[in-house]
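Residue numbering for the sequence shown follows our numbering, beginning at 5 and increasing consecutively.
Virtual Cβ for every residue (Gly too), placed ideally from N, Cα, C.
Structure first, then comments.
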Amino acid sequence: MNFEKMNETKVFRDPINGYVKVDYKIIYDLICSKEFQRLKRIHQLGGTFQVFPTAEHSRFSHSIGAYEIARRIINEVPTIKNSLNEEEQLTLLIAALLHDVGHGPFSHAFEMINPIHHEEYTISIIKDNSEINSLLKNIDVDLPSKVISVIKKEHPQRLLNQLISSQVDADRMDYLLRDSYFTGATYGYFDVERVLRVIRAHEGQIVFKESGIPALENFMLGRYHMYKQVYHHSSSLSYEVILLKLFERFFELVENNYVFKNDYKYILPLKNKSKLSNQEIYDLDESVINFYAKLLAEEEDKILREFADRFTNRKLFAFYEVKTKEEVEYYHQKVKSLGYDDRYYFFSDRPKQIVYKKYGKNDLSNVMILTKDNKVVEISKISPVVKSLSSDRVGDDSDYIVLIPKEIK
Ligand code: NI
Numbered sequence: 005m006n007f008e009k010m011n012e013t014k015v016f017r018d019p020i021n022g023y024v025k026v027d028y029k030i031i032y033d034l035i036c037s038k039e040f041q042r043l044k045r046i047h048q049l050g051g052t053f054q055v056f057p058t059a060e061h062s063r064f065s066h067s068i069g070a071y072e073i074a075r076r077i078i079n080e081v082p083t084i085k086n087s088l089n090e091e092e093q094l095t096l097l098i099a100a101l102l103h104d105v106g107h108g109p110f111s112h113a114f115e116m117i118n119p120i121h122h123e124e125y126t127i128s129i130i131k132d133n134s135e136i137n138s139l140l141k142n143i144d145v146d147l148p149s150k151v152i153s154v155i156k157k158e159h160p161q162r163l164l165n166q167l168i169s170s171q172v173d174a175d176r177m178d179y180l181l182r183d184s185y186f187t188g189a190t191y192g193y194f195d196v197e198r199v200l201r202v203i204r205a206h207e208g209q210i211v212f213k214e215s216g217i218p219a220l221e222n223f224m225l226g227r228y229h230m231y232k233q234v235y236h237h238s239s240s241l242s243y244e245v246i247l248l249k250l251f252e253r254f255f256e257l258v259e260n261n262y263v264f265k266n267d268y269k270y271i272l273p274l275k276n277k278s279k280l281s282n283q284e285i286y287d288l289d290e291s292v293i294n295f296y297a298k299l300l301a302e303e304e305d306k307i308l309r310e311f312a313d314r315f316t317n318r319k320l321f322a323f324y325e326v327k328t329k330e331e332v333e334y335y336h337q338k339v340k341s342l343g344y345d346d347r348y349y350f351f352s353d354r355p356k357q358i359v360y361k362k363y364g365k366n367d368l369s370n371v372m373i374l375t376k377d378n379k380v381v382e383i384s385k386i387s388p389v390v391k392s393l394s395s396d397r398v399g400d401d402s403d404y405i406v407l408i409p410k411e412i413k
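Rendered as structure tokens:
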């Protein structure tokens, strides 16, 4: 493995982490790769900027933020630094940097249109046929597979897996702070400095000192409130559903050999709902979708035109929360009886929200506490706050959501 350093530490200013510091040349080269630069054209929070006007932050800034938190953990926590050799440390930094590189336009909203988990694309981009893959192989031919094993939580050094994907990891720490900052919804703020003070490596796993429980509770509550106030906001969902319906109409017309006025080559591969190639996913970003929405608004088809206009000009659907299937059906029938095509003008779902999940005994995702008498205990066993957040439908008394045009009352 080649551990070449920059001549001088590169820094990026970041309102969340102060400075993001880059010492390894490979990290800087990866940031400069075209697949990583593409993340600047993808909103971190999908359609949330339609509700919180400043939620304009990108996957790019979150990715370098997750890298920086991982870098600080390595540099500031001696038990962790001493447990990892340099190769493992660099593998961790690269995995933190690249963990979201496979996200599609509008992040999670894209997974409604192309039902492939973004992690699969992340793995494909690291694995082959990309600038990222070539850069990694230049350092060590086995580096792509080592990074992938961290992302899949299968790396033999399990500290790496835990630091990238457990319930208090570098990824979540960064996005909670960042999303909170950029939405202006301060609920997600937690004491990250304190968490970094109490995190440890202990007998081959990541633990937190018992004295850090309040900071961890704060983190979990922050997540809970962010889910309620931001991540599950009805209007961002409505915007994302408009995008979904626009695509569904487009696919339907393609299927029926409709003659379009314009060319839509970059979104055509989405029609089959199957996994895209690295080139196809690279070609899809929000600038393409926004431009195509303008072109689609010029087409003759009335439904297509209307959804393109709704998408570009934020003409959202109305949102209802209901308790029973019968009530969902009531809205469904109402839409139909008024002559709307229910395939497009009706949407319902049953959202789930899990703030903290207690997994099986040895699952890496569990948050483990190192007690004062040196025992390792899963956090919900000793924190009543975390315990109360562990059921899967916290404080949510409505069971279904329904989206229909606002004109229907
Ligand atoms: Ni992430």
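{"Item": "Enumerate in chain order the residues of its own chain whose CB-to-CB distance from Pro355 is below 7 Å, with the five nearest sequence positions on each side excluded.", "Value": "His236 and Ile405"}
{"Item": "Between Met230 and Ser170, is the Cβ-Cβ spacing less than 8 Å?", "Value": "no"}
{"Item": "Consider the Cβ of Val390: report whether some Cβ of chain D lies at a distance smaller than 8 Å.", "Value": "Looking at the structure shown, chain D is missing, and only one protein chain is on hand."}
{"Item": "Answer yes or no: do Leu147 and Val154 have a C-beta to C-beta separation smaller than 8 Å?", "Value": "no"}
{"Item": "If you run the structure through DSSP and keep just helix, strand and coil, what is Gly399?", "Value": "With a pLDDT of 47 at Gly399, under the threshold of 50, the predicted position of this residue should be treated as unreliable, and no value is reported."}
{"Item": "Provide the residue span of the beta strand (DSSP E) that contains Tyr404, from first to last.", "Value": "Tyr404 to Pro409"}
{"Item": "Looking at the structure shown, is Met10 part of a helix, part of a strand, or coil, going by DSSP?", "Value": "strand"}
{"Item": "Excluding the five sequence neighbours on either side, which residues of its own chain have a C-beta within less than 8 Å of the C-beta of Tyr28, listed in chain order?", "Value": "Phe7, Glu8, Lys9, Met10, Leu94 and Leu97"}
{"Item": "Pick out whichever of Val151, Met372 and Pro409 has its Cα sitting closest to the Cα of Ser215.", "Value": "Met372"}
{"Item": "Does the Cβ of Tyr32 have 16 or more other Cβ atoms within 10 Å, making it buried, or fewer, making it exposed?", "Value": "exposed"}
{"Item": "Following a CB-centred definition, is Asn113 positioned closer than 7 Å to any heavy atom of the ligand NI?", "Value": "A small fix is needed here, since residue 113 is Ala in this sequence, not Asn. No, the ligand NI has no heavy atom inside 7 Å of this Cβ."}
{"Item": "Buried or exposed: Val81, going by 16 or more other Cβ atoms within 10 Å of its Cβ?", "Value": "buried"}
{"Item": "Which one or two residues does DSSP pair with Leu374 in a beta bridge?", "Value": "Lys213 and Val380"}
{"Item": "Beta-carbon within less than 6 Å of Lys44's beta-carbon, same chain only, minus the 5 sequence neighbours each way: which residues are those?", "Value": "Ser62 and Phe64"}
{"Item": "Beta strand (DSSP E) containing Glu325: first to last residue?", "Value": "Phe321 to Val326"}
{"Item": "Compute the beta-carbon to beta-carbon distance between Met5 and Glu91, rounded to the nearest angstrom, for a pair I have assumed lies under 8 Å.", "Value": "5 Å"}
{"Item": "Between the alpha carbons of Leu49 and Asp287, how many angstroms are there, rounded?", "Value": "20 Å"}
{"Item": "With a CB to CB cut of under 8 Å and the five nearest residues on each side skipped, what residues in its chain are close to Val199?", "Value": "Val172, Met177, Phe212, Gly216, Ala219, Leu220 and Phe223"}
{"Item": "Looking only at C-alpha atoms, which of Ile408, Lys379 and Ile30 sits nearest to Lys338?", "Value": "Ile408"}
{"Item": "Hey, would you say the C-beta of Tyr179 is under 7 Å away from at least one heavy atom of the ligand NI?", "Value": "yes"}
{"Item": "If you scan the segment 261–334 from start to end, which runs of the beta strand (DSSP E) of 3 or more residues do you find wholly inside it?", "Value": "321–326"}
{"Item": "In the DSSP output, which residue or residues are listed as bridge partners for Tyr23?", "Value": "Arg17"}
{"Item": "Using 8 Å as the threshold, is the segment 118–129 in touch with the segment 50–58, meaning 3 or more CB pairs across them?", "Value": "no"}
{"Item": "Below 8 Å, can you find three or more Cβ-Cβ pairs linking the segment 324–341 to the segment 264–277?", "Value": "no"}
{"Item": "Please state if the CB of Ala113 and the CB of Leu247 are separated by a distance shorter than 8 Å.", "Value": "yes"}
{"Item": "Excluding sequence positions up to five away, which residues of its chain have a Cβ less than 8 Å from the Cβ of Gly22?", "Value": "none"}
{"Item": "Under a three-way DSSP split, which group does Arg201 fall into?", "Value": "helix"}
{"Item": "Leaving out the 5 sequence neighbours to the left and right, which residues in its chain are closer than 8 Å to Glu302 when beta-carbon positions are compared?", "Value": "Lys265, Asn266 and Arg309"}
{"Item": "Work out the CA separation of Lys413 and Ile136 for me, nearest whole Å.", "Value": "51 Å"}
{"Item": "Would you kindly check if the distance between the Cβ of Phe311 and the Cβ of Leu274 is under 8 Å?", "Value": "no"}
{"Item": "Considering only their Cβ atoms, is the gap separating Leu101 from Ser67 smaller than 8 Å?", "Value": "yes"}
{"Item": "Got a sec, what are the start and stop residues for the alpha helix (DSSP H) His183 sits in?", "Value": "Correcting the residue identity first, residue 183 is Asp in this sequence and not His. Segment Ala174 to Thr187, the alpha helix (DSSP H) holding Asp183."}
{"Item": "Please specify which runs of the beta strand (DSSP E), each continuous and at least 3 residues long, are wholly inside the segment 84–110, giving them in chain order.", "Value": "none"}
{"Item": "Does DSSP classify Tyr28 as helix, strand or coil?", "Value": "strand"}
{"Item": "Below 8 Å on the Cβ atoms is my contact criterion, and I expect Phe315 with Val245 to pass it. Report the Cβ-Cβ distance as a whole number of Å.", "Value": "About 10 Å; that fails the 8 Å criterion."}
{"Item": "Is DSSP giving Asp353 helix, strand or coil here?", "Value": "strand"}
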